[in-house]
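Note sheet for the following structure.
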Amino acid sequence: MGKHVFSIALAAIFALGLAACTPTPNGSVAEHSETSRFEQAVTLPTDIMHISDIAYTSDGGLLMAANTTDWNTIAVFAKTADGSWEALFDTSTLAASLDDDTSIGAACLTPQGSLLCTTLTAEGDGGGCYLVDPGSQSEASLPAGRITIMRSFDEGTVVASDWTGSFFRADYTTGDTVCTYRLPSGTVLADFTVHGNRVYASASKSSSANPTCELYVFDYDTGEQVNLDAHEESVLAAAFPPADASAVATPIWAASESGLFLCSTGAIYDCSGETATVLASGNATNLSNTGKTPERLLVGSGSDNIAVLYRERTGSTNPYTLYRYPQGEQPKSTSSLSVYTLEDSSVIQQAAATYRDEHPEIAIEVRVGIPAGSGLSADDALRTLNAEILSGTGPDVIVLDGLPFDGFAEQGALLDLSGIIQDARETGDEYFENVVGAFATDDGCFAIPSRFGIPAIVGSAEAIDCAQSLESLTSYIESESESPTGTDATFSVASLYTASYRSIFDTGGSVDRDALATFFACSKRLLMLNDGRNCENAPTGYDYLGSQLDDLQGGGSGISGSGILFAENPDQQFIEIASLLSGTSFGSASLAVENASFACALEPLSFSPERVFVPSSILAVNANTPETGQAKDFVSYVLSKPQQKQDSFDIGIAVNKTAFKEAQIELGGYGMSVMGDGGSELSSVSRGAFTEAEVEANCALVESATHACMPDKTASDILSTGLLAYCRGEATLDEALDVAIQKIDLYLAQ
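Everything in the sequence shown is counted per numbering that gives the first Met the number 0, starting at 0 for the first residue and increasing by one.
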């Protein structure tokens, strides 16, 4: 039986193990619409706890089914002409008629405006089904099972999923199943819509190699899978992310009389024509804000009736936001602000989108030095940025991740931001001083990290003792893998690189050949040890070495704990080497430590005497910006507690200590489950929120990392290329070292 591991932060109800999707070119072309659109916030009713369904009406209005103050009462709201929401009816009468151990579960709106809802027993079993209208309710019927998603596209039937690995269409007047849409084993339905006589669905599938994001098309009436012709495949391929894209949210669908639409890879696409057409895209909008997950795409009959319902990825008193994308230009701004980041950054896109919401008078632009799929090198991007700064056309705010901070500081290209740190402290918030002051000198503070990560190891005391050097850790993993019980290990090469960084590079950036040789040799030994296991269930053409060595920047992947918790052999010990990259990383590590079948612990990982951290989303202000006040205000905004409390699996730990502590308690707890083929739950673990004592212990661990390592992307890319050639047998160790060191020396000499 296959296993598929899912992690959940309980307050956020967000599955961390699912595949998600970020912009990744796939060779197909999408055209941009000749008509521009802008993003416009739509006010939602206060106290919304959960939205079951939302849709445009035929006259351009909006209907929404949502829980407000009571989880057992779903109200149906209509948006009125003046922009307010009116409650039309709710399920309070139905709720009062149910047994004490029964509650209302999944619900959806019908095309006629009724509310179809299911009930659940205390044990979680599926119960009854009801059709609710103003002043009345009647019994309906659905096949047995716990329904989790429902949508109705025509009178009398509903398409529903009960997480069995497939979904079905049923007649809710009789309870008969019309047809079943079967997904492959281990695949989890994410979203779907009906267009014409077809069901279009996006789904996530997890394998040992990499989570994937997949597209399925079925006949609406028969359930048979539809094979698309070449033209249809080309259109959808331009909008749908590649199957091997790593990500944060699967694509979502909508359909109307005018066509088929998809929200994917930071844009909204019309997939109805000869090519996929981009209707709205994401720069500095919530389409690129990974702090929000697009949950529903809405398309109505009017040309302006396109909207996206977003859900916050972390616990929030206002978990939902709704934005329209009408035709036209953004209302005229009175000032502008440009933010430069070498590579696209979810933290910066999120901050830009929410900052723009609060300051609509400011036109904010996020400029990406190396756009996805551009093929530009970091060195080329840096040359362009330097030229812009010298010519006076440079950005107002510079995100220094992957850039040479010392070079900018020595040229006098950055403003002193000491006052921002002092003002931030005066708000009453605490900050992780070891991180926030990482770039402070006697001359001032010319950059401030807003996030950071810490390389770490979760394993037995013996494994942690052997992690004092990369050589001893590698030898231990090799020897233990041959033991009768067979200690297993997962690791991020980027985390190993971070832990080795201060040994490889001196303060001037020069390379220690012996330390680099150790990193190359040990990385290859570990990669070869895991090669077969990681490729066992991989898709055809999966490049294991390429995926592992694609990017050494950023500290690697976040700790998940899943290998320790759900090992195939209960007698088997497990080692995980990754990074603490968020509050959720601490939760996942705690689940592993508390529930492992062997005694284990979490410790920072460093192969130098000092514990290290990797600053990220490092903010600096161009000394020549004409928007000094606005640029500094943006930096202060990113450091503020509301922004810093945003938390997801890999965006980095908040530098605002107060935000970090509050989020760890408010999140509510953590859980992880492993699902078998067919959607059956094999096992699960969970825990409550961190106690204050546990939060203080987590803070102490963070504060024990005293030395920053800030990898330069150009140098890291050189090492990545050399290591890949060595691992593939295209170069000997000495050849790989010679080429890498020579290239880095040339780069430093420029």
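Where a beta carbon is used, it is the ideal one built from N, C-alpha and C, also for glycine.
Quick caveat: nothing in here was measured; it's all calculated off a predicted structure.
If you draw a straight line from the C-alpha of L579 to the C-alpha of P454, how long is it? P454 has its alpha-carbon roughly 6 Å from the corresponding atom of L579.
Option in S337, E223 and D716 with minimal Cα separation from D378: Of the candidates S337, E223 and D716, the one whose C-alpha sits nearest the C-alpha of D378 is D716.
Could you check what DSSP says for M48 in three-state terms: helix, strand or coil? Looking at M48 - three-state DSSP - the assignment turns out to be coil, as it is neither helix nor strand.
Going by C-alpha to C-alpha distance, which of L381, A380 and Q329 sits closest to I361? With distances taken between Cα atoms, I361 lies closest to Q329.
State the CB to CB distance for the pair G290 and Q349, rounded to an integer number of angstroms; the pair is presumed to be in contact (CB under 8 Å). So it is a contact: roughly 4 Å between Cβ atoms.
Limits of the unbroken alpha helix (DSSP H) element including H194: No alpha helix (DSSP H) holds H194; the beta strand (DSSP E) holding it covers T186 to H194.
Using the C-alpha atoms, what's the distance from A105 back to V307? Spanning the two alpha carbons is a distance of roughly 21 Å.
Does the Cβ of D161 have 16 or more other Cβ atoms within 10 Å, making it buried, or fewer, making it exposed? Label assigned to D161: buried.
So V457 packs on L601, CB below 8 Å; how close in whole Å? Right, their Cβ atoms sit about 5 Å apart.
Determine which residues share a DSSP beta bridge with Q136 and list them. DSSP, once it has assigned bridges, lists V131 as partnering Q136.
Rounded separation between A351 and L384 - CA only: Here the alpha carbons of L384 and A351 stand approximately 20 Å from one another.
Do you know offhand how far V738's Cα is from T497's? Counting only the Cα atoms, T497 lies some 21 Å from V738.
Is D378 helix, strand or coil when you go by DSSP? Note: D378 maps to helix in three-state DSSP.
For I617, tell me which candidate among A386, S263 and V396 has the shortest Cα-Cα distance. Answer by Cα proximity: V396.
Would you kindly check if the distance between the Cβ of A40 and the Cβ of T320 is under 8 Å? Taking C-beta atoms as the reference points, T320 and A40 count as a pair closer than 8 Å.
Selection from Y746, E691, C128 and S337 that minimises the alpha carbon distance to Q629: Relative to the Cα of Q629, the nearest Cα in the group Y746, E691, C128 and S337 belongs to S337.
Simplified DSSP assignment, three categories, for P22: Residue placement at P22 is poorly supported in this model, since its pLDDT is 36, which falls under 50; the coordinates still yield a value, given next. Secondary structure at P22: coil, using DSSP grouped into helix, strand and coil.
Opposing strand residues paired with M527 [DSSP bridges]: For M527, which the question treats as bridged, DSSP gives no partner whatsoever.
Range of the contiguous alpha helix (DSSP H) that encloses D69: Where D69 is concerned, there is no enclosing alpha helix (DSSP H), because DSSP gives it neither an H nor an E.
What residue does the alpha helix (DSSP H) around C178 start on, and which one ends it? Here C178 belongs to no alpha helix (DSSP H); instead the beta strand (DSSP E) covers T176 to R181.
L9, DSSP secondary structure in three states: Model confidence at L9 stands at a pLDDT of 37, short of 50, so the residue's coordinates are unreliable; what they give is reported in the following sentence. Reduced to three states, the DSSP call for L9 is coil.
Through-space distance from E33 to A662, alpha-carbon basis: A direct Cα-Cα distance of roughly 43 Å separates A662 from E33.
Distance, L399 Cα to K631 Cα: Those two C-alpha atoms are separated by around 15 Å.
By Cβ distance, which residues of its chain are closer than 7 Å to S263, with the 5 residues on each side in sequence left out? These residues qualify, in order along the chain: C20, A238, F239, P240 and P250.
Which residue marks the beginning of the alpha helix (DSSP H) containing S750, and which one marks its end? Lying before the first or after the last residue shown, residue 750 is absent from the chain, which here runs from 0 to 749.
For S165: DSSP bridge partner residues: Answer is R181.
Hey, how far is the Cα of I576 from the Cα of G560? Note on geometry: alpha-carbon atoms of I576 and G560 lie some 10 Å from one another.
Please work out which residues of its chain come closer than 6 Å, Cβ to Cβ, to D343, disregarding the five sequence neighbours upstream and downstream, and give them in chain order. Only residues of its own chain outside the window of five on either side were considered, and among them V367 have a CB closer than 6 Å to the CB of D343, listed in chain order.
Using CA coordinates, which residue listed in K78, V131 and A77 is at the minimum distance from S91? Out of K78, V131 and A77, V131 has the C-alpha closest to the C-alpha of S91.
Spatially closest choice to V492 from I476, S556, G452 and F431, by CA coordinates: With distances taken between Cα atoms, V492 lies closest to S556.
Given that a residue counts as buried once 16 or more other Cβ atoms are within 10 Å of its Cβ, and exposed if not, what is V4? Confidence at V4 is low in this model, with a pLDDT of 42, below 50, so its placement is unreliable and the value that follows should be read with caution. Answer is buried; the Cβ neighbour count reaches 16.
With a Cβ-Cβ cutoff of 8 Å, do V234 and Q224 count as a contact? The answer is no: Cβ separation not under 8 Å.
Which same chain residues, not among the five before or five after Q547, have their C-beta less than 7 Å away from its C-beta? Within the same chain, Q547 has close Cβ partners V492 and L526.
Coil, strand or helix - L590 by DSSP: Secondary structure at L590: helix, using DSSP grouped into helix, strand and coil.
Can you tell me whether Q642 is buried or exposed? The criterion is at least 16 other CB atoms within 10 Å of its CB, across all chains shown. Around the CB of Q642, 16 or more other CB atoms lie within 10 Å, so the residue is classed as buried.
Give a yes or no on whether the C-beta atoms belonging to L551 and S719 are separated by under 8 Å. Contact flag set, yes.
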